[in-house]
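Protein chains in written order, with the working numbering: chain A, 1 to 251; chain C, 1001 to 1247.
Backbone N, C-alpha and C define an ideal beta-carbon position, used for all residues, glycine too.
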Amino acid sequence: MEQDYDRREILMKLVELPCSAVLLAVCGPLEALAADGEYDAREHYYGMGIQVDKCIGCGRCVAACKAENDVPPEPFYFRTWVERYVIDSDGEVKVDSPEGGINGFPAGEEDEDTLRAFFIPKLCNHCDNPPCVQVCPVGATFMTEDGVTLVDADYCIGCRYCIQACPYGARYLDPRTKTADKCTFCYHRITRGLLPACVEVCPTGARVFGELHSLASPLRRLMRMSQLQVLKPFLNTEPKVYYANLDGEVR
Amino acid sequence: MRLWKFPDQVVRLAILLALALAAMIFVRGRFVPASFGEIGHYRADAVTAIAALPIRYAGSLVCADCHDYESEVKNRSYHGPLACEVCHGPGALHAEDPGAQTPVIPRERGVACLYCHDYLPSRPTGFPQIIERLHNPLQPCIGCHDPHDPRPPAVPEACSACHAQIARTKAVSHHGALACEVCHEVAPEHHEQPRSFLPRKPTTRQFCGGCHARDAEAPVEIPRVDFATHGERYLCWQCHYPHHPEG
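Okay, structure coming up:
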C-alpha cells in the first residue's frame, strides 16, 4: 500500500530521528549505571505503612530494632515501640507501653468494661515537613534525598531542641554519645536493598515498607487498598508513616 | 603621591573589616566540615557513614540459601510469612561465617512462642492464642508443635477415640504430657472387649508418690507433699482428679 506523506510529516520525522538517537545515547549509559548496583538516593522516596488490624503486640519489632541499631538497652530508649490502647465503654482511653512492648504485654488492662482494644506500633514518622530539622541549630539533623530524616551524630551538639520539637516523641538523647538519636528506617539496610529490621521480623506483616513514588510497590498497594490516616495531621508535619484503619482515639 | 585620599578613620575601619573577614574565612574553613552543604544544609558524609553501618539481621532470603529444607517447609505453613530471625534472632554474623555465631534455638516453653500466642484480649480476633496457665503447663511448645509447620497437633487416637472428654480435659492440664498408660494398666483385649477387660487405676499412694513425694526422683517443678502427714487414709485420686489436677 502506498502511503502519502505531506511536507509537515516528513519534516517532523527528520527532527524525530536524530532526537531519539540522542536520547538513546544518553539514557543507555544512565540505565547501565543504575544497574551497576550503585545506590542513587534520588531514585528512591521511602515511606512506611502500618496495618493496625494486623498488629498482635508481640513487640518483636522493638527487640529487632534495638538489636539492629545498637539502641541503649534501658527500657526508655526506643526508636520504635508499641502502645496498647484500651478504650472503655464510657469513653475512657487507657494507653500503656510496658518497656515499649519489648517483652510483650501483660494481660489485665482489658476487662468487661472494655469496648475495644488494639496495638499501635510507633516510630519516627519521617515527616515531609519535619519540625526537628527546622529547629536544629547546626544542621545535624536533616532529610536525605530519599526522604529519610537522619541525625549526624558526629555533628550533633546535643542541645535537645529536636527532642522537644518532635510532636511524636520519636527522639531520645543517647546517654553514651550525648547526641540525639532516632529511627533511620534502618538506612544502612534499605540502601543495601534490605528491609528495615522491624519490617523484616514483623510476624503478621503489619508493617509495610516501600517506595512512595513508585506505583508498583508494596506500600503503594497498601495505600490504594486501605483507609489511611497519619498521626496528628493537624500539625501539617506531613508524616510518611501511614496507618491503615487507625482508631480516632490514637494520638 | 596618593591617588585617593581617604580619611584616617575609614582606613582604620577598612583594616579592621579586612581582618574580621580574613578571620571569618579562616574559621569557616577550619570548622565547617568538608562535605557540608554538598546536598543540603548538612554533611553529605554523614549519609554515607550511616549507610555504611553494619547490619545484624541478614534477612530470610539469605537463610534460605543454606537452610533450604526448613525454609521450604516453613514457607508452605502458617508460619510462612515469618522471617527466620523472628525466633532465631539476628543472624548476619552467622550468614557471613556459619562458625562465628550460632543463632538461638528457643526450645524452652515461653521463650519465643508466647510473645505472639499468649492470650491477650487486645490481639486481633482470630489470631491463634492460648492461655499459658492452662495449656499443657510445663511442657515445651515444640514437644507437640513443629514451629516450622505449626499445625495443631493430632491427639493419639488410641484412648481418645472413646474417652474423648477425658483426653481433652487431660490435654490442657498439668498431666497433659502423661500418656494414659502411665497410670492405667490396659490389657490389649480392652480394645476389642472394653467392658470385659477394664483398665486398672492406681491402687497405692506410692504410685503418685513416685513423682509427688518429697524424696521422689522427678523434675523440681512437680509439686510435692509429705506422704506421711498428707491424707494418709485415702488414695490420692479419691480427693484429687488426676485428669485435671488442681493448681
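Reference residue i, options the options, closest by Cα
{"i": "residue 219 of chain A", "options": "A:236, A:202, A:244, A:186", "result": "A:244"}
{"i": "residue 1157 of chain C", "options": "C:1147, C:1138, C:1180, C:1172", "result": "C:1180"}
{"i": "residue 1068 of chain C", "options": "C:1053, C:1084, C:1232, C:1205", "result": "C:1084"}
{"i": "residue 1096 of chain C", "options": "C:1184, C:1065, C:1104, C:1087", "result": "C:1065"}
{"i": "residue 165 of chain A", "options": "A:237, A:97, A:38, A:84", "result": "A:237"}
{"i": "residue 1163 of chain C", "options": "C:1224, C:1122, C:1243", "result": "C:1243"}
{"i": "residue 302 of chain A", "options": "C:1023, C:1080, C:1240, C:1108", "result": "In this structure chain A extends from 1 to 251, so residue 302 of chain A is not present and cannot be described."}
{"i": "residue 197 of chain A", "options": "C:1113, C:1086, C:1123, C:1141", "result": "C:1086"}
{"i": "residue 110 of chain A", "options": "A:132, A:66, A:160, A:94", "result": "A:94"}
{"i": "residue 246 of chain A", "options": "A:16, A:239, A:51", "result": "A:51"}
{"i": "residue 1232 of chain C", "options": "C:1211, C:1212, C:1205, C:1216", "result": "C:1205"}
{"i": "residue 212 of chain A", "options": "A:144, A:202, A:44, A:79", "result": "A:44"}
{"i": "residue 1078 of chain C", "options": "C:1145, C:1161, C:1160, C:1020", "result": "C:1145"}
{"i": "residue 38 of chain A", "options": "A:190, A:139, A:63, A:240", "result": "A:190"}
{"i": "residue 1054 of chain C", "options": "A:177, A:194, A:77, A:126", "result": "A:194"}
{"i": "residue 1142 of chain C", "options": "C:1117, C:1224, C:1106", "result": "C:1106"}
{"i": "residue 53 of chain A", "options": "A:192, A:119, A:9, A:79", "result": "A:119"}
{"i": "residue 1223 of chain C", "options": "C:1194, C:1246, C:1178, C:1117", "result": "C:1246"}
{"i": "residue 188 of chain A", "options": "C:1046, C:1026, C:1185", "result": "C:1046"}
{"i": "residue 1041 of chain C", "options": "A:192, A:235, A:178, A:135", "result": "A:135"}
C-alpha gap between residue i and residue j, whole angstroms
{"i": "residue 1250 of chain C", "j": "residue 1199 of chain C", "result": "The requested residue 1250 of chain C is not part of the displayed model; chain C covers only 1001 to 1247."}
{"i": "residue 1016 of chain C", "j": "residue 70 of chain A", "result": "50 Å"}
{"i": "residue 232 of chain A", "j": "residue 251 of chain A", "result": "7 Å"}
{"i": "residue 106 of chain A", "j": "residue 1134 of chain C", "result": "16 Å"}
{"i": "residue 121 of chain A", "j": "residue 1214 of chain C", "result": "49 Å"}
{"i": "residue 81 of chain A", "j": "residue 61 of chain A", "result": "8 Å"}
{"i": "residue 148 of chain A", "j": "residue 1102 of chain C", "result": "33 Å"}
{"i": "residue 1052 of chain C", "j": "residue 1011 of chain C", "result": "53 Å"}
{"i": "residue 252 of chain A", "j": "residue 1092 of chain C", "result": "An answer regarding residue 252 of chain A cannot be provided, because it is not within the stretch 1 to 251 covered by chain A."}
{"i": "residue 1226 of chain C", "j": "residue 1140 of chain C", "result": "28 Å"}
{"i": "residue 1126 of chain C", "j": "residue 1120 of chain C", "result": "12 Å"}
{"i": "residue 1049 of chain C", "j": "residue 1062 of chain C", "result": "24 Å"}
{"i": "residue 1020 of chain C", "j": "residue 1007 of chain C", "result": "20 Å"}
{"i": "residue 248 of chain A", "j": "residue 160 of chain A", "result": "30 Å"}
{"i": "residue 1210 of chain C", "j": "residue 1113 of chain C", "result": "32 Å"}
{"i": "residue 1197 of chain C", "j": "residue 1190 of chain C", "result": "5 Å"}
{"i": "residue 27 of chain A", "j": "residue 216 of chain A", "result": "Any reading at residue 27 of chain A must be qualified, since the residue scores a pLDDT of 48, below 50, and its modelled position is unreliable; the value itself is stated next. Roughly 22 Å separates the two Cα atoms."}
{"i": "residue 225 of chain A", "j": "residue 201 of chain A", "result": "23 Å"}
{"i": "residue 42 of chain A", "j": "residue 1108 of chain C", "result": "47 Å"}
{"i": "residue 78 of chain A", "j": "residue 1176 of chain C", "result": "40 Å"}
{"i": "residue 6 of chain A", "j": "residue 214 of chain A", "result": "41 Å"}
{"i": "residue 1212 of chain C", "j": "residue 1219 of chain C", "result": "10 Å"}
{"i": "residue 1024 of chain C", "j": "residue 239 of chain A", "result": "39 Å"}
{"i": "residue 1018 of chain C", "j": "residue 128 of chain A", "result": "42 Å"}
{"i": "residue 1217 of chain C", "j": "residue 1082 of chain C", "result": "40 Å"}
{"i": "residue 91 of chain A", "j": "residue 76 of chain A", "result": "28 Å"}
Sequence-distant residues of its chain with Cβ nearer than 6 Å to residue i (five each side left out)
{"i": "residue 174 of chain A", "result": "181"}
{"i": "residue 1234 of chain C", "result": "none"}
{"i": "residue 30 of chain A", "result": "Annotation note: pLDDT 44 at residue 30 of chain A (below 50); position unreliable, no value reported."}
{"i": "residue 170 of chain A", "result": "124, 182"}
{"i": "residue 1138 of chain C", "result": "1221"}
{"i": "residue 185 of chain A", "result": "46, 148, 196"}
{"i": "residue 68 of chain A", "result": "197"}
{"i": "residue 1166 of chain C", "result": "1243"}
Close Cβ partners of residue i (< 7 Å) along its chain, the five nearest in sequence each way excluded
{"i": "residue 49 of chain A", "result": "208, 219, 222, 223, 242, 244"}
{"i": "residue 1104 of chain C", "result": "1088, 1089"}
{"i": "residue 1208 of chain C", "result": "1202, 1236"}
{"i": "residue 1044 of chain C", "result": "1035, 1038"}
{"i": "residue 63 of chain A", "result": "102"}
{"i": "residue 138 of chain A", "result": "155, 157"}
Cut-off 8 Å between Cβ atoms - residues of its own chain near residue i, not counting five sequence neighbours on either side
{"i": "residue 313 of chain A", "result": "Because residue 313 of chain A is not part of the residues shown, which for chain A are 1 to 251, the question remains open."}
{"i": "residue 1 of chain A", "result": "Unreliable placement is indicated for residue 1 of chain A, whose pLDDT of 45 sits below 50; no coordinate value is reported for it."}
{"i": "residue 1005 of chain C", "result": "none"}
{"i": "residue 1183 of chain C", "result": "1201, 1202, 1207, 1242"}
{"i": "residue 32 of chain A", "result": "Its pLDDT being 42, under 50, residue 32 of chain A is placed unreliably by the model, and the measurement read from it follows with that caveat. Within the same chain, residue 32 of chain A has no close Cβ partners at all."}
Residue i CB to nearest heavy atom of the ligand SAM below 6 Å
{"i": "residue 1240 of chain C", "result": "In terms of ligand content, the structure shown is empty, and the ligand SAM therefore cannot be addressed."}
Item checked: Segments of 4+ residues assigned as alpha helix (DSSP H) that fall wholly inside the stretch 97-139 of chain A -> 131-135
Next item on the list: Please confirm if the stretch 1056-1069 of chain C is in contact with the stretch 1021-1036 of chain C, defined as three or more CB-CB distances below 8 Å between the two stretches.
Entry: Touching, no.
Margin query: Does the contact criterion of 3 or more C-beta pairs under 8 Å hold for the stretch 1074-1090 of chain C versus the stretch 1138-1150 of chain C?
Written below: They touch, by the three-pair rule.
Note to self: For the stretch 43-60 of chain A against the stretch 98-114 of chain A, do three or more pairs of beta-carbon atoms, one drawn from each stretch, fall closer than 8 Å, so that the two count as touching?
What the structure shows: yes
Next item on the list: Could I get the ranges of all uninterrupted alpha helix (DSSP H) runs contained in the stretch 1124-1187 of chain C, with 4 residues as the minimum, in chain order?
Entry: Qualifying alpha helix (DSSP H) stretches, in chain order: 1157-1160, 1164-1171, 1180-1183.
Note to self: Quick check: the stretch 73-90 of chain A against the stretch 111-118 of chain A, are at least 3 beta-carbon pairs closer than 8 Å?
What the structure shows: Taking 8 Å as the limit for Cβ pairs, the verdict is that the stretch 73-90 of chain A does touch the stretch 111-118 of chain A.
Next item on the list: Please name the residues in the stretch 1023-1050 of chain C whose beta-carbon is closer than 9 Å to at least one beta-carbon of chain D, in chain order.
Entry: Absent from the structure: chain D. Protein chains present are A and C.
Margin query: Under 8 Å, with one C-beta from each stretch per pair, do the stretch 1163-1178 of chain C and the stretch 1122-1136 of chain C reach the 3-pair mark?
Written below: yes
Note to self: Going residue by residue through the stretch 1028-1061 of chain C, where are the continuous alpha helix (DSSP H) segments of at least 4 residues, counting only ones entirely within it?
What the structure shows: 1044-1051
Notebook entry, point to check: Hey, which unbroken runs of the alpha helix (DSSP H) at 4 residues or more fall wholly within the stretch 1093-1123 of chain C?
Noted result: 1113-1117
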